Amino acid sequence: MANDKAISNMFNSFNVVLNPYSDDFLRYINDCLENRRKLVLSYLNAYTCEKYQKSLFLESGVPFYFIPDGVGIHIGLKMLGLATENFSRRVVSTDFWYYLLTFLNKNHINCTIIGGQRNHSDKTILYFEKNFSNINIVSVYDGYSCELGNLKISNNSDLLVIGLGTPQQEQWIIDNYSKLESSIIILVGSAIDFWSGAKKRAPVWMQKTGLEWLYRLFQEPKRLWKRYIIGIPVFMFNIILIKVKLMFNKEST
Numbered sequence: 000m001a002n003d004k005a006i007s008n009m010f011n012s013f014n015v016v017l018n019p020y021s022d023d024f025l026r027y028i029n030d031c032l033e034n035r036r037k038l039v040l041s042y043l044n045a046y047t048c049e050k051y052q053k054s055l056f057l058e059s060g061v062p063f064y065f066i067p068d069g070v071g072i073h074i075g076l077k078m079l080g081l082a083t084e085n086f087s088r089r090v091v092s093t094d095f096w097y098y099l100l101t102f103l104n105k106n107h108i109n110c111t112i113i114g115g116q117r118n119h120s121d122k123t124i125l126y127f128e129k130n131f132s133n134i135n136i137v138s139v140y141d142g143y144s145c146e147l148g149n150l151k152i153s154n155n156s157d158l159l160v161i162g163l164g165t166p167q168q169e170q171w172i173i174d175n176y177s178k179l180e181s182s183i184i185i186l187v188g189s190a191i192d193f194w195s196g197a198k199k200r201a202p203v204w205m206q207k208t209g210l211e212w213l214y215r216l217f218q219e220p221k222r223l224w225k226r227y228i229i230g231i232p233v234f235m236f237n238i239i240l241i242k243v244k245l246m247f248n249k250e251s252t
């Protein structure tokens with residue numbers, strides 16, 4: 000990656016997995032599972048990038064890894080020259096979690112799920128039984144009805160799925176990391192609500208054209224308008240400023 004301080008502040012502190020669909024990364028996940036090594040995997044988009052930089056998450060010592068989520072982060076990484084030649088596929092976190100769970104379903108593993116809306120836990124379990132029959136759900140805790148700080152995660156859980164939203168899910172991991180024995184820990188945000196049917200995903204054509212954010216904005220305008228109407232333009236403006244600075248520095252050397 001480039002040495003420019005502005006880029007370092009924006010991206011270099013993140014362990015970004017540029018090609019999470021690669022065989023190498025899937026083999027690494029499988030190796031963590033087989034050897035009981037912890038892997039914490041989350042997502043990086045325009046919104047979470049800002050949140051992480053304003054917090055102490057990246058200084059917590061927890062080895063977070065991030066997949067580049069959405070069209071904004073995809074364009075940003077390419078503009079700054081941080082992407083590799085394999086970075087041609089735009090990643091959508093919800094799709095990747097499904098892909099990853101399908102991969103993990105090849106093994107017979109136990110799973111604990113934390114997150115989602117009230118009264119939808121049974122539907123989440125049904126979703127897993129239908130789509131990932133080899134993943135045994137040990138327990139499901141929604142993100143509202145329980146004391147998250149007092150949860151006791153079963154030592155038999157190979158996989159821990161957390162969907163509390165940013166920054167709550169990251170903070171929960173930091174607070175509880177030393178006590179967790181699950182090998183694979185994935186922070187999935189609102190994906191649990193999609194699985195349970197509590198929320199609907201955008202039509203396929205909007206997903207394919209990178210407009211899923213617009214559908215979500217129409218669903219929850221009060222909660223998401225700042226994230227999308229202000230957050231994404233500010234993020235892209237910062238990317239352009241860094242790009243211009245890089246070009247200027249290159250010409251002056």
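Taken in order, the sequence shown gives residues 0 to 252; the numbers are from numbering that gives the first Met the number 0.
In this text, a Cβ means the ideal position worked out from N, Cα and C, and glycines have one as well.
On a predicted model such as this, the values are computed, not experimentally measured, just so you know.
| query | Using the beta-carbon count (16 or more within 10 Å), is tryptophan 194 buried or exposed? | reply | buried
| query | For the segment 144-198, which segments carrying the beta strand (DSSP E) assignment without a break, of at least 3 residues, lie completely within its bounds, in sequence order? | reply | If only uninterrupted beta strand (DSSP E) runs of at least 3 residues are considered, those enclosed by the segment 144-198 are 158-162 and 183-186.
| query | At which residues does the alpha helix (DSSP H) containing valine 203 begin and terminate? | reply | 203-207
| field | Local conformation of proline 19 per DSSP, three classes | value | coil
| Contact under 9 angstroms by Cβ, leucine 163 with leucine 179 | no
| query | Which runs of the beta strand (DSSP E) spanning at least 3 residues fall entirely within the segment 71-149, listed in chain order? | reply | 108-114 and 134-140
| query | In three-state terms, what does DSSP make of phenylalanine 24? | reply | helix
| task | Let me know the secondary structure DSSP gives glutamate 219 once reduced to three states. | result | coil
| query | Roughly how many whole angstroms lie between the Cα atoms of aspartate 22 and asparagine 29? | reply | 10 angstroms
| task | Look at the alpha carbon of arginine 222 and the alpha carbon of asparagine 109, and state the distance between them as a whole number of angstroms. | result | 34 angstroms
| query | Among Gly142, Ser138 and Tyr143, which one has its Cα closest to the Cα of lysine 151? | reply | Ser138
| query | I think tyrosine 277 touches valine 61, with their Cβ atoms under 8 angstroms apart; what is that distance to the nearest whole Å? | reply | Residue 277 lies beyond the stretch modelled for the chain, which goes from 0 to 252, so this question has no answer here.
| said: Suppose you measure from the CA of methionine 0 to the CA of isoleucine 172; what does that come to, to the nearest Å? | reply: The predicted model places methionine 0 with a pLDDT of 34, which falls under 50 and marks its position as unreliable; any figure quoted below should be read in that light. C-alpha separation (whole angstroms): 28 angstroms.
| Between which two residues does the alpha helix (DSSP H) containing tyrosine 51 stretch? | 45-52
| Cβ-based neighbour list, asparagine 8, same chain, cut-off 6 angstroms, excluding 5 preceding and 5 following | With a pLDDT of only 48 at asparagine 8, under the threshold of 50, the placement of this residue in the model should not be trusted, and no figure is reported.
| task | Pull up the distance between the alpha-carbon of serine 182 and that of leucine 40, whole angstroms please. | result | 11 angstroms
| request: From the DSSP output, in three-state form, read off phenylalanine 13 for me. | output: coil
| the segment 42-54 touching the segment 215-234, judged by at least three CB pairs closer than 8 angstroms | yes
| message | So for proline 232, helix, strand or coil by DSSP? | response | In the structure shown, proline 232 sits in a helix (DSSP, three-state: H, G or I).
| said: Please return the same chain residues whose Cβ sits closer than 8 angstroms to the Cβ of tyrosine 143, not counting the five positions on each side in sequence. | reply: Gln116 and Arg117
| said: At the level of alpha carbons, what is the spacing between proline 19 and leucine 38? | reply: 13 angstroms
| query | In chain order, what residues of the same chain lie with their CB nearer than 6 angstroms to the CB of isoleucine 184, ignoring the 5 residues before and after it? | reply | Val39 and Leu159
| field | Candidates Pro67, Val243, Gly188 and Lys198: closest to lysine 122 by CA position | value | Lys198
| Pick from Phe65, Tyr51, Arg35 and His107: whose alpha carbon is nearest that of valine 16? | Cα-wise, what sits closest to valine 16 is Phe65.
| Nearest to tyrosine 98 by alpha carbon, out of Val187, Asn248, Ala201 and Leu213? | Val187
| task | Report the rounded CA-to-CA distance for phenylalanine 247 versus lysine 50, giving the unit in angstroms. | result | 28 angstroms
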